[in-house]
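Enquirer:
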Amino acid sequence: LGVNAGLIALFGLQHSIMARPGFKRGWKQIVPTSLERSVYVVATGIVTCMTCMLWQPLAGDVWHVHNSVLAATLTALQLLGWSIVVASSFMIDHFELFGLQQVYYRLIDQPVPRPTFTKKYLYRFVRHPLQMGMLMGVWATPHMSTSHMFLSAMMTMYITVGLYLEERDLATFLGRDYELYRRQVPMILPLSRGFTAKSEALDQLNADSAAS
């Protein structure tokens, strides 16, 4: 357990520390601004590979669903979750997220466009659909081994802490718009109650953003 916990802790620390604005400011004194995000993605890839190679399997199963309908449903939810992760990245800016946009604009010697506040598609239902998809992906499975359960629990802890830090940064960066968005849209669990009012509020937010 110790090795696995250490690997997840390393993954979480790398993600959380390198994503903080204060770290980015200092890091940009060492690496070009256009490469900051790319270096972050490469570091994430290295830590992920280390986790896969050094992970210690744990014996036993937590559950193993034999009912074919329920097993198929859980598998479908898992696939849906990972699909949401990929789709969510494109709903904000997939290429900016992976550092490709910054490098492209550096190559053509043009300033990188300022990131925009996205409130469309899945972001009308939850503030963090990417993390919602990740949780679906790690928990919805017909066969939950002890190793898988440990990984899912640790990733859930990481996502919980990461969301707290990200929410704080977004509120600082986006100000009033994000505060209103946070009051109208749930963090990670989509709720149908009051959706019409939420949609109207988001339409107003979109109009205000376009006007500014």
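In my numbering, the protein residues as written are 965 to 1176. Glycine included, every Cβ here is placed at the ideal spot set by N, Cα and C.
May I ask you to verify whether the region 1114 to 1133 touches the region 1087 to 1100, counting CB pairs closer than 8 Å and requiring at least 3?
Expert: yes
Enquirer: Figure out for me which residue from 978, 1016, 1149 and 1032 has the closest Cα to the Cα of residue 1001.
Expert: The residue labelled residue 1001 in the question sits at position 37 within the sequence shown. Nearest C-alpha to residue 1001: 978.
Enquirer: With C-beta atoms as the reference, is residue 1079 less than 8 Å away from residue 1057?
Expert: Position 115 of the sequence shown, counted from the first residue, corresponds to residue 1079. Position 93 of the sequence shown, counted from the first residue, corresponds to residue 1057. Judged by beta-carbon spacing, residue 1057 lies within the 8 Å limit of residue 1079, meaning their Cβ atoms are closer than that value.
Enquirer: Do residue 1019 and residue 971 have their beta-carbon atoms positioned less than 8 Å apart in this structure?
Expert: Position 7 of the sequence shown, counted from the first residue, corresponds to residue 971. Position 55 of the sequence shown, counted from the first residue, corresponds to residue 1019. Yes, they are a contact pair.
Enquirer: May I have a chain-ordered list of the alpha helix (DSSP H) segments no shorter than 4 residues that lie completely inside the region 1086 to 1124?
Expert: 1093 to 1103
Enquirer: What residue range does the alpha helix (DSSP H) around residue 1030 cover?
Expert: Taking the sequence shown and counting its residues from 1, the one referred to as residue 1030 is at position 66. Segment: none, residue 1030 is in no alpha helix (DSSP H) and carries neither H nor E.
Enquirer: Is residue 983 helix, strand or coil when you go by DSSP?
Expert: Within the sequence shown, the letter at position 19 stands for residue 983. In the structure shown, residue 983 sits in coil (DSSP, three-state: anything other than H, G, I, E or B).
Enquirer: Return the residue from the list 1082, 981, 1028 and 1112 that minimises the CA-CA distance to residue 1007.
Expert: Along the sequence shown, one-based indexing puts residue 1007 at 43. Residue 1007 has its Cα closest to that of 981, out of 1082, 981, 1028 and 1112.
Enquirer: On a Cα-Cα basis, can you pick out the residue from 1053, 1155 and 1100 that is closest to residue 1082?
Expert: The residue labelled residue 1082 in the question sits at position 118 within the sequence shown. When only C-alpha atoms are compared, the closest one is 1053.
Enquirer: Roughly how many angstroms separate the alpha carbons of residue 1030 and residue 1148, rounded to a whole number?
Expert: Within the sequence shown, residue 1030 is the residue found at index 66, counting from 1. Within the sequence shown, residue 1148 is the residue found at index 184, counting from 1. Each residue's alpha carbon lies about 40 Å from the other.
Enquirer: DSSP three-state label for residue 1197, please.
Expert: The structure shown does not extend to residue 1197, since the chain is modelled only from 965 through 1176, so no value can be given for it.
Enquirer: Check residue 1065 in the structure and name its three-state DSSP category.
Expert: Position 101 of the sequence shown, counting from 1, holds the residue named residue 1065. DSSP places residue 1065 in helix when its eight states are reduced to three.
Enquirer: CA-CA distance, residue 1024 and residue 1116?
Expert: Within the sequence shown, the letter at position 60 stands for residue 1024. Within the sequence shown, the letter at position 152 stands for residue 1116. Their Cα atoms are separated by approximately 15 Å.
Enquirer: What does a CB cutoff of less than 6 Å around residue 1142 pick up in its chain, not counting 5 residues either side in sequence?
Expert: For the purposes of this step, residue 1142 is identified with residue 178 of the sequence shown, where counting begins at 1. 1134 and 1135, listed in sequence order.
Enquirer: Pick out whichever of 1012, 1105 and 976 has its Cα sitting closest to the Cα of residue 1032.
Expert: Locating residue 1032 in the sequence shown gives position 68, where the first residue counts as 1. For the set 1012, 1105 and 976, the Cα lying nearest the Cα of residue 1032 is the one of 1105.
Enquirer: Taking the Cβ atom as the reference point for each residue, do residue 1099 and residue 1123 lie within a distance shorter than 8 Å?
Expert: Taking the sequence shown and counting its residues from 1, the one referred to as residue 1099 is at position 135. Taking the sequence shown and counting its residues from 1, the one referred to as residue 1123 is at position 159. Yes; because the gap between Cβ atoms is below 8 Å, this pair is in contact.
Enquirer: With a threshold of 6 Å on Cβ separation, who are the neighbours of residue 1103 within its own chain once the five nearest residues in sequence on each side are excluded?
Expert: Position 139 of the sequence shown holds residue 1103. Answer for residue 1103: 1116, listed in chain order.
Enquirer: Apart from the five residues just before and just after residue 1042, which ones in its own chain have a Cβ nearer than 6 Å to its Cβ?
Expert: Residue mapping note: residue 1042 aligns to position 78 of the sequence shown, counting from 1. So the list reads 1101, 1104 and 1105, once near-sequence residues are dropped.
Enquirer: Should residue 1140 be labelled buried (16 or more other beta-carbon atoms within 10 Å of its own) or exposed?
Expert: As a working note, residue 1140 is residue 176 in the sequence shown. Burial call: exposed.
Enquirer: Please list the terminal residues of the continuous alpha helix (DSSP H) segment that includes residue 1144.
Expert: For the purposes of this step, residue 1144 is taken as residue 180 along the sequence shown, with counting starting at 1. From DSSP, the alpha helix (DSSP H) with residue 1144 extends over 1140 to 1148.
Enquirer: Which whole-angstrom value is the C-beta distance of residue 1026 and residue 975, which I expect to be below 8 Å?
Expert: Your numbering for residue 1026 matches position 62 in the sequence shown. Your numbering for residue 975 matches position 11 in the sequence shown. With 8 Å as the limit, residue 1026 and residue 975 do not qualify as a contact, their Cβ atoms being about 22 Å apart.
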